[in-house]
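Each residue of the sequence shown is one higher than the one before, starting from 45 at the first, in the numbering used here.
Beta carbons are placed, not taken as given, at the ideal position from N, Cα and C, and that holds for glycine.
Comments concern the structure below.
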Amino acid sequence: MSKIEEICAEIEQFKVESAEKLENFRLQFLSKKSELQSLLSEIKNVPPEERKTFGQKVNELKQKAQQYYDEYKAKLEESEPVVASNNDLTRPAEMLELGAAHPISVVMNEVCEIFESIGFTRATGPEIEDDWHLFTALNFAPDHPARDMQDTFFVNQQPDIALRTHTSSIQVRVMENQKPPIRVICPGRVFRNEAITSRAHCMFHQIEGLYIAENVSFAEMKQTLMFFAKKMFGEDTKIRLRPSYFPFTEPSAEMDVSCNICGGKGCTLCKGSGWVEILGCGMVDPNVLDNCGIDSKKYSGYAFGLGIERMTQVKYKTNDIRLFFENDLRFLQQFTGM
Ligand code: PHE
Numbered sequence: 045m046s047k048i049e050e051i052c053a054e055i056e057q058f059k060v061e062s063a064e065k066l067e068n069f070r071l072q073f074l075s076k077k078s079e080l081q082s083l084l085s086e087i088k089n090v091p092p093e094e095r096k097t098f099g100q101k102v103n104e105l106k107q108k109a110q111q112y113y114d115e116y117k118a119k120l121e122e123s124e125p126v127v128a129s130n131n132d133l134t135r136p137a138e139m140l141e142l143g144a145a146h147p148i149s150v151v152m153n154e155v156c157e158i159f160e161s162i163g164f165t166r167a168t169g170p171e172i173e174d175d176w177h178l179f180t181a182l183n184f185a186p187d188h189p190a191r192d193m194q195d196t197f198f199v200n201q202q203p204d205i206a207l208r209t210h211t212s213s214i215q216v217r218v219m220e221n222q223k224p225p226i227r228v229i230c231p232g233r234v235f236r237n238e239a240i241t242s243r244a245h246c247m248f249h250q251i252e253g254l255y256i257a258e259n260v261s262f263a264e265m266k267q268t269l270m271f272f273a274k275k276m277f278g279e280d281t282k283i284r285l286r287p288s289y290f291p292f293t294e295p296s297a298e299m300d301v302s303c304n305i306c307g308g309k310g311c312t313l314c315k316g317s318g319w320v321e322i323l324g325c326g327m328v329d330p331n332v333l334d335n336c337g338i339d340s341k342k343y344s345g346y347a348f349g350l351g352i353e354r355m356t357q358v359k360y361k362t363n364d365i366r367l368f369f370e371n372d373l374r375f376l377q378q379f380t381g382m
């Protein structure tokens, strides 16, 4: 009997503030393994004359527990209403927002893949470079304008260190560390101290290529670049080489492709000429080979460097270079799935 009273007090004192506590209550007082249930099985040990009252008391207690349980349950459901939408298993799932590759990355990869298909491999290097890898090894004269603060971002108090102005610096690093034959493409970000306009930016992307072996000819370079232009812009694309000058190549040229925005008729991108300049190229100057520890009597090679933004503009017909760096999702999302 005292056990019954004990359990009765426990029931009354039990605090149910959560679904978890409610379940504990059920286990403790109402389940098959509860103390109440074990009291019932004690009935055979109770003297016969007391059995009736004992049975009644236990049953009352059971009802009391059940009543408390039902009340607690109702209260809990009231305070935590079941939100229908959370439990609606037929509700369509929320769409996962997928990002898209940036158009510059898309074109970078495309260019790299074309050159990789003919045996070039990718090389990378630091964006903060020293004078040797940026200029001196590449045969820049001491008074070349690229060494001027007006054209190049130098690190404060360190006139020898600058943000790289071209990825030719990677080519120097490759030549210093590898023996010919060398066949690399060097993609990367470059920086120039330029005013930002629709056609120019102080930061852009380049891919430079370098091929060094025995008896490399200008004709090989031209053929390789033509192969690239047709793969990139379509079989009908025409190329045009114009004589040019770079300190690190001799002879040097600039290459134009026929404008695929206007089909050669003339538009703002090609400035009415029907041609768009996409790269600089030339035969590696023997001085550069010697500077990098490659015997210029035995080896020759060609190099080229192309601007990714310009090519992306031709490919996707965008007329303002600034759009690539503003991170406006409305612009960037247009390239999804490309
Ligand atoms: N480095 C040159 C530039 O940044 C491009 C180039 C690379 C030209 C290789 C010729 C050969 O403009």
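Excluding sequence positions up to five before and after Ala273, its CB lies within less than 7 Å of the CB of Thr281, Ile283, Val301, all in the same chain and listed in chain order. Annotation for Leu207: the continuous beta strand (DSSP E) segment containing it runs 202 to 207. Ala244 has its Cβ no nearer than 8 Å to any heavy atom of the ligand PHE. Just so you know, the alpha carbons of Arg243 and Asp132 end up roughly 53 Å apart. When secondary structure is reduced to three states using DSSP, Arg286 falls in the strand class. Bridge pairing for Cys230: Glu252 [DSSP]. Burial state of Pro147 is buried, judged by a 10 Å Cβ sphere holding 16 or more other Cβ atoms. The three-state secondary structure of Ser75, taken from DSSP, is coil. In this structure, Gly326 has its CB closer than 8 Å to one or more heavy atoms of the ligand PHE. Around the beta-carbon of Glu115, fewer than 16 other beta-carbon atoms lie within 10 Å, marking it exposed.
The Cβ atoms of Gly324 and Val260 lie no closer than 9 Å to each other.
Listed in chain order, the alpha helix (DSSP H) elements of length 4 or more contained wholly in the region 122 to 158 are 128 to 131. Around the beta carbon of Ser213, 16 or more other beta carbons lie within 10 angstroms, which makes this residue buried. With contacts defined as CB atoms closer than 9 Å, Val320 and Phe292 fail to qualify as a contacting pair.
The Cβ atoms of Phe271 and Gly351 do not sit closer than 9 Å to each other. For Leu323, the uninterrupted beta strand (DSSP E) run begins and ends at 319 to 328, by DSSP. Remark: the C-beta of Phe235 is outside contact range of the ligand PHE, defined as less than 8 Å to any heavy atom. Approximately 11 Å separates the beta-carbon atoms of Lys106 and Ile48; this is outside 8 Å, ruling out the contact.
Only buried fits Tyr343, as 16 or more other CB atoms lie within 10 angstroms of its CB. In the structure shown, Gly99 adopts helical secondary structure according to DSSP, grouped into three states. The beta carbon of Ala297 sits closer than 7 Å to those of Leu285, Arg286, Pro287, Ser288, Cys325, Gly326, all from its chain and outside the five residues before and after it, given in chain order.
For Thr356, the uninterrupted alpha helix (DSSP H) segment begins and ends at 352 to 360. A straight-line Cα-Cα distance of about 9 Å links Phe235 and Ala206.
In the structure shown, the three-state DSSP call for Val199 is strand.
Per DSSP, Ser46 is one residue of the alpha helix (DSSP H) stretching across 46 to 57. Considering only Phe262, Glu79, Leu140, the residue with the shortest C-alpha distance to Glu50 is Glu79.
Taking the Cα positions, Ala118 is about 27 Å away from Ser82. Separation of the CB atoms of Asn237 and Thr196 is rounded to 6 Å, and the pair is thereby assigned contact status at 8 Å. Between Leu254 and His210, the CB-CB gap reaches or exceeds 9 Å. In the DSSP assignment, Thr293 falls outside any alpha helix (DSSP H) and lies within the beta strand (DSSP E) extending over 293 to 302.
The C-alpha of Glu154 lies about 59 Å from the C-alpha of Glu121. Between Cys246 and Arg166, the C-beta spacing is not below 9 Å.
Of all alpha-carbon atoms in Gly99, Ser149, Lys96, Leu66, the one lying nearest the alpha-carbon of Gln111 is that of Leu66.
Ile240 sits in coil when the DSSP states are folded into three classes, being neither helix nor strand.
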